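Sequential numbering from 3 applies to the sequence shown in my numbering. Only one structure is covered here, and it is reproduced in the block below.
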Amino acid sequence: MNTESRNHLAEMVHLRNSDTPLTVQARSAIPESLPPSSPDSATSRLREFMNQSAELLPELEEQLDALQEAFVSLLERQFEKEKFSPEHRLHIFLSPEGKLVVEGEDDDADKVCAIFSRQPQLHQRFRELARLALLTHGIAVARRAHAAMEAGADSDEEPLLGRYHMCLKGSLSHFYVR
Numbered sequence: 003m004n005t006e007s008r009n010h011l012a013e014m015v016h017l018r019n020s021d022t023p024l025t026v027q028a029r030s031a032i033p034e035s036l037p038p039s040s041p042d043s044a045t046s047r048l049r050e051f052m053n054q055s056a057e058l059l060p061e062l063e064e065q066l067d068a069l070q071e072a073f074v075s076l077l078e079r080q081f082e083k084e085k086f087s088p089e090h091r092l093h094i095f096l097s098p099e100g101k102l103v104v105e106g107e108d109d110d111a112d113k114v115c116a117i118f119s120r121q122p123q124l125h126q127r128f129r130e131l132a133r134l135a136l137l138t139h140g141i142a143v144a145r146r147a148h149a150a151m152e153a154g155a156d157s158d159e160e161p162l163l164g165r166y167h168m169c170l171k172g173s174l175s176h177f178y179v180r
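Following this line, the structure appears as structure tokens:
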């Protein structure tokens, strides 16, 4: 791990054996054992979905913007009813378990948590916003990745490629997208 808490293949390989670091050529030939890629049903369906998502994405983004504005208005009205005005910045999100988390100054964070607990519809609407935001973001990322695949881009500067990781841990080695 580096100071940014990210695993990097070069750093992990270098740690593996500092006397003889493993080197990887950036553009090596594909081994003969891998089948060549060819258009198939999945590729065709993916292309069709990406074409449809081009129209869907702006609609989802508009819907998300409108729902977020409505949520902020609802939250502000609730704050007014409670005679509460946060003095400091608050960070509100859902934990992986779906629990509401409020980070900020203790007093403000506690008051916001209390408001959400008295008004369960706020928590429910926030969850709905999170789901829609994640869906919208996922489609946007998928469209960028698909466009890069279609273009056959071979640039080391593709920002999406930085999300793809490999963890080397012997038999527990794995790949993942972050």
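Glycine included, every Cβ here is placed at the ideal spot set by N, Cα and C. Everything numeric in this text was worked out from a predicted model, so none of it was measured.
Query raised in the report: Does the distance from the C-beta atom of L136 to that of L62 stay below 8 Å?
Result: no
Query - At least three beta-carbon pairs within less than 8 Å, the stretch 121–129 to the stretch 62–77 - result: yes
Requested in this report: Kindly list the residues whose CB is nearer than 8 Å to the CB of L48, restricted to its own chain and excluding five residues on each side of it in sequence; keep chain order.
Outcome: H148
**Report entry** Assigned exposure category for F114 - 16 Cβ within 10 Å defines buried
**Finding:** It is worth fixing the name first, because residue 114 is Val in this sequence and not Phe. Label assigned to V114: buried.
Query - Alpha-carbon spacing of I94 relative to D42, whole angstroms - result: Roughly 44 Å separates the two Cα atoms.
Report task. Classify L92 as helix, strand or coil using the three-state DSSP reduction. Result -> coil
Query raised in the report: Closer than 8 Å, CB to CB, is L77 near chain D or not?
Result: Chain labels in this structure do not include chain D; a single protein chain is all it has.
Query raised in the report: Whole-angstrom Cβ separation of E105 and L92, contact assumed at under 8 Å?
Result: The Cβ separation is near 7 Å, so the contact holds.
Requested in this report: Kindly give me the distance between the Cβ atoms of L69 and L134, rounded to whole angstroms, as I take these residues to be in contact under 8 Å.
Outcome: 7 Å
Report task. Note the first and the last residue of the continuous beta strand (DSSP E) segment covering E105. Result -> 102–105
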